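Engineer: One structure follows; several queries about it will come next.
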Amino acid sequence: MAEGRADVINLLKNGIRNVIAMGGAKPPRTLLELCRQKNTILFVDGDRGGELNVRKMVELTKVDSVAQAPEGKEVEELQRKEIVMALRRKATPEEFLKAKSENHYNRQPGFAPRFQPRMPRGIGARRGLRIPRAQTRGFPRGTGYGGSRNAYQDQGFQRSTFRQELDRPAFESNSLQEQGSIVQEMPRAIQESSEEKASAEELAAFTPIMQELKGSLKARFLNSENQQVQETEVREMLEELKKAQNVKAIIFDGIITKRVVEEAKKAGVKTIVGVKKGKIEKEKEIKVLAITA
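16 is the number of the first residue of the sequence shown in our numbering; add one for each residue after it.
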């Protein structure tokens, strides 16, 4: 199962049979039922959207394996060799999401990996410009490379702010990266939404549970005293919620969608905690929190 029609066409051209498309943000019921009956491999693009599609499909139906295109590539542009290698590296949804969760913290905006690749000296190199080695060296003020100052200017080189930028030390731009490495030591409970933030008490209560559920694709129902009422699979969460009683909080390893919020509101739930918030409006009756443990 691929994400779109273009992906299906490319897979068929390269000899991959029995391929079907998800059909957009709301897969049809017939597709979800087919996945429950068949052995399904979900083949997604190599970006954040592919990961989100995996989480969504796992919540809705049964997915046996997950394959992903190389990072930064889409399935529709892959060559046959890349397709075969991606399918050989397929993993269970649990293994796939666990690996993504472990790498998610390092991809947060403002954070840099601990070990940075050595940057070329000079701002031109940092911006990807191909500058001759001789131009980055400090010549005597009155002469150019093998000629006079005027000859140097006649070749199209002007003493401008660009030259001043070339003489500026390259390490000045690394301050943000150094700060990112320091900030990496902070607690790993991160709020992904500026609209609703968890209080210190909520973080203390829900973060340990999110750490236990990380990569498990499971959900827990809590009562008004934050005691566990029930634990279930994420894909069965909404059905079990209809049967459960005295549920005041839901903590689950998945994306908080509009449908989840609506069903939780019907059941009298006051708080929902997930890995990420989808496109939902802020609710007055229910608190929606995204906590990455």
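From the three backbone atoms N, C-alpha and C, an ideal C-beta is built for every residue, glycine too. Just so you know, these numbers come straight off a predicted model, no measurement behind them.
(1) Excluding sequence positions up to five away, which residues of its chain have a Cβ less than 7 Å from the Cβ of residue 74?
(2) Buried or exposed for residue 45, going by 16 or more other Cβ atoms inside 10 Å?
(3) Scan the region 248–304 and note each continuous alpha helix (DSSP H) run of 4 residues or more that stays entirely inside, going in chain order.
(4) Classify residue 27 as buried or exposed, calling it buried when 16 or more other Cβ atoms lie within 10 Å of its own Cβ.
(5) First and last residue of the beta strand (DSSP E) that includes residue 78?
(6) From residue 109 to residue 232, what distance separates their C-alpha atoms?
(7) Less than 8 Å between the beta carbons of residue 286 and residue 264, yes or no?
(8) Check whether the region 221–240 touches the region 272–281, taking contact to mean three or more Cβ pairs, one atom from each stretch, closer than 8 Å.
(9) Starting from the C-beta of residue 290, find all residues in its chain whose C-beta is less than 7 Å away, skip the five residues before and the five after it, and write them out in chain order.
(10) Taking the Cβ atom as the reference point for each residue, do residue 82 and residue 96 lie within a distance shorter than 8 Å?
(11) Classify residue 307 as helix, strand or coil using the three-state DSSP reduction.
(12) Does the beta-carbon of residue 78 have 16 or more other beta-carbons within 10 angstroms, so that it is buried, or is it exposed?
(13) I'd like the list of long-range same chain contacts for residue 66, defined as Cβ closer than 6 Å, with 5 residues on each side in sequence excluded.
(14) Just to confirm my understanding: we take residue 213, look at its own chain, exclude 5 residues before and 5 after, and list those with CB closer than 6 Å. What are they?
(15) Using the Cβ count rule (16 or more neighbours within 10 Å means buried), how would you classify residue 25?
(16) I'd like the list of long-range same chain contacts for residue 220, defined as Cβ closer than 8 Å, with 5 residues on each side in sequence excluded.
(17) Reducing DSSP to helix, strand and coil, say where residue 56 ends up.
Structural biologist: Well, looking at it:
(1) Closer than 7 Å at Cβ, skipping near neighbours: 249, 250, 269.
(2) So residue 45 ends up on the exposed side.
(3) Segments of the alpha helix (DSSP H) lying fully in the region 248–304: 252–258, 273–281.
(4) Of the residues assessed, residue 27 falls on the exposed side of the cut-off, its CB having fewer than 16 other CB atoms within 10 angstroms.
(5) Premise fails: residue 78 is in no beta strand (DSSP E) and is neither H nor E.
(6) Across the structure, residue 109 and residue 232 are spaced so that their CA atoms are roughly 7 Å apart.
(7) Cβ atoms of residue 286 and residue 264: closer than 8 Å.
(8) Judged by Cβ distances under 8 Å, the region 221–240 makes no contact with the region 272–281, as fewer than three pairs qualify.
(9) Taken in chain order, the residues that qualify are 268, 269, 270, 305, 307.
(10) Against a cut-off of 8 Å, the Cβ pair of residue 96 and residue 82 comes out as no contact.
(11) Strand.
(12) Residue 78 comes out buried.
(13) Within the same chain, 115 come within 6 Å of residue 66 by CB-CB distance, once the 5 residues on both sides are set aside.
(14) Residues 304 of the same chain have their beta carbon placed closer than 6 Å to that of residue 213, with the five preceding and five following residues left out of the count.
(15) By the 10 Å Cβ count, residue 25 comes out buried.
(16) Residues 241 of the same chain have their beta carbon placed closer than 8 Å to that of residue 220, with the five preceding and five following residues left out of the count.
(17) Strand, per DSSP.
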